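Numbering (the numbering used here), first residue to last: 1064 to 1289.
The beta carbon of each residue, even a glycine, is placed where N, CA and C say it ideally should be.
The model shown is predicted, which means the values in this text are computed figures rather than measured ones.
Beneath this line is the structure, given in structure tokens, with notes to follow.
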């Protein structure tokens, strides 16, 4: 599979969505063919599932129900958006992906990590991000940023939950340092953006050097089989 898959992750209100938009704009200005998407969502079906997951009236949702809904959205997303885009030599930038499930449903909700990994083997096949940016902030800072904002079901969770999510992301980054890049999200927007661009540029350069095949958008890419 050709193309490059970039994901951005982090706890609530870490600045992830803002930085995703800035990265999309940055790469488009450099001439790359970029697809911007998100999870849960990214498709008509996925966006419908997103509304169910984030609805504050669904506070009684069972943890297993929650994870299966996230995975259902992901299956549709992969087959309808991500996989076709990568096969077409595009750069896919996704606001959350598989690491969010590990951090939120695994480390925070307490669902067995090996079980989640087995489910992911079924759901994502061998589609995995080339690079994942985790914006790290303290949950207290996230809460202060959310002041005055209408919170969704996940954002309304207590500080202990968000600390567990952050711990999960730190664990993931420690286990996969080559793929997962931890960035201090408490810094200014421009500074964080520059650090993200530096990480992504290094990934693009690595792929450029690793392959001799020139892709339509101008950067040689390493082909990955499905």
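Closest option to residue 1096, judged by alpha-carbon separation, among 1084, 1155 and 1192: 1155. Here residue 1094 carries a coil assignment [DSSP, helix/strand/coil].
Within the stretch 1137-1188, complete alpha helix (DSSP H) segments of at least 4 residues are found at 1146-1150, 1161-1164 and 1176-1187, given in chain order. Residue pairing for residue 1224: DSSP places it in no beta bridge. Taken atom to atom, the span from the alpha-carbon of residue 1195 to that of residue 1148 is near 18 Å. For residue 1074, no alpha helix (DSSP H) segment is defined, and its DSSP state is neither H nor E. With fewer than 16 other Cβ atoms from the protein chains shown falling within 10 Å of its own Cβ, residue 1177 counts as exposed. Of the residues 1206, 1089, 1189 and 1104, the one whose Cα lies closest to the Cα of residue 1076 is 1206. Listed in chain order, the non-local C-beta contacts of residue 1161 below 7 Å within the same chain comprise 1183 and 1187, local neighbours out to five positions each way being set aside.
Counting the other CB atoms within 10 Å of its CB gives residue 1090 a total of 16 or more, which places it among the buried residues. If you look at residue 1114, you'll find it in the alpha helix (DSSP H) that goes 1107-1117. According to the DSSP secondary-structure assignment, residue 1247 is paired through a beta bridge with 1199.
In the structure shown, residue 1128 adopts helical secondary structure according to DSSP, grouped into three states.
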